[in-house]
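Trainee:
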Amino acid sequence: MNKTGFISHPQYLKHDTEPHPENPGRLEAIQRKIESSKIHPHLIFPEPRRATDDELAANHDSGHIDHVRDSCQNGTRNLDGDTVICPDSWDAALLSAGAGITAVDQIITGQVDNAFTAVRPPGHHAEKDRAMGFCLFNNVAVAARYAIKEHRLNRVFIFDWDVHHGNGTQNSFYSDPSVYYSSTHQYPFYPGTGNKDETGTG
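The numbering of the sequence shown is our numbering, which starts it at 21 and goes up by one.
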């Protein structure tokens with residue numbers, strides 16, 4: 021039987037965004053379903069680590085990283101009209117980005133065969149220089165950069181399964197031949213990107 025990792029952390033529930041649609045209830049529903057499923061006894065539960073500033077900076081401008089940190093610490097409530105934060109959001113965001121890194125390490129070292137990261141805040145709308153659409157940092161982009169740098173992978177494939185296009189992930193790798201990004205989404209839903217002609221330049 022394949023070894024499947026399920027990576028999550030209680031800190032994600034402290035990213036308080038109520039009454040926003042992306043709130044702790046979303047993750048709690050996933051966790052309840054997993055806990056009551058037949059696969060739960062067969063899962064492995066690696067502990068996510070926090071992404072470092074250098075790991076975030078592989079995909080994000082340092083000014084953006086500082087802005088998110090300072091905004092959380094200063095009690096700012098909104099980074100934009102869609103992206104709500106609280107003081108605990110900074111640590112949750114580090115653990116959210118770090119979960120993808122943990123998954124990469126676990127899979128490549130053979131501790132698990134595959135992994136699911138149940139995290140929040142989410143990531144695929146976050147651009148290199150700004151938060152967007154509920155997302156603070158682009159978790160999967162950070163993980164892909166880490167896999168290429170630390171594990172010397174030549175190619176990474178990202179498949180984005182969401183009704184919304186992952187603009188931030190696409191833009192991170194639009195001219196990068198080492199990462200192939202593919203998205204299933206309903207165009208032209210938010211954020212209005214992801215036209216069939218957007219095929220990259222790398």
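Virtual Cβ for every residue (Gly too), placed ideally from N, Cα, C.
Looking only at its own chain, which residues have a Cβ that is under 6 Å from the Cβ of residue 185, when we skip the five neighbours before and after it?
Mentor: As a working note, residue 185 is residue 165 in the sequence shown. Taken in chain order, the residues that qualify are 203, 205, 213, 214.
Trainee: Go ahead and label residue 65 buried or exposed: buried means 16 or more other beta carbons lie within 10 angstroms of its beta carbon, across all protein chains shown.
Mentor: Position 45 of the sequence shown, counting from 1, holds the residue named residue 65. Exposed, since its Cβ has fewer than 16 Cβ neighbours within 10 Å.
Trainee: Taking the alpha-carbon of residue 103 as reference, which of 142, 30, 29, 55 has the nearest alpha-carbon?
Mentor: For the purposes of this step, residue 103 is taken as the residue at position 83 of the sequence shown. Nearest option by C-alpha distance: 142.
Trainee: What residue range is occupied by the uninterrupted alpha helix (DSSP H) comprising residue 112?
Mentor: Translated into the one-based positions of the sequence shown, residue 112 becomes position 92. First-last of the alpha helix (DSSP H) with residue 112: 109 to 128.
Trainee: Kindly identify the DSSP beta-bridge partner or partners of residue 137.
Mentor: Translated into positions along the sequence shown, residue 137 becomes position 117. DSSP output for residue 137 lists 27 as bridge partner(s).
Trainee: Would you call the CB atoms of residue 158 and residue 79 closer than 8 Å?
Mentor: Taking the first residue of the sequence shown as position 1, residue 158 is located at position 138. Taking the first residue of the sequence shown as position 1, residue 79 is located at position 59. Yes, these two residues count as a Cβ contact at 8 Å.
Trainee: Look up residue 221 in the DSSP assignment and say whether it is helix, strand or coil.
Mentor: The sequence position of residue 221 within the sequence shown is 201, counting from 1. In the structure shown, residue 221 sits in coil (DSSP, three-state: anything other than H, G, I, E or B).
Trainee: If residue 201 and residue 116 are in contact, beta carbons under 8 Å, what's the gap, nearest whole angstrom?
Mentor: On the sequence shown, residue 201 is found 181 positions in, with the first residue counted as 1. On the sequence shown, residue 116 is found 96 positions in, with the first residue counted as 1. With a Cβ gap of about 19 Å, residue 201 and residue 116 do not count as contacting.
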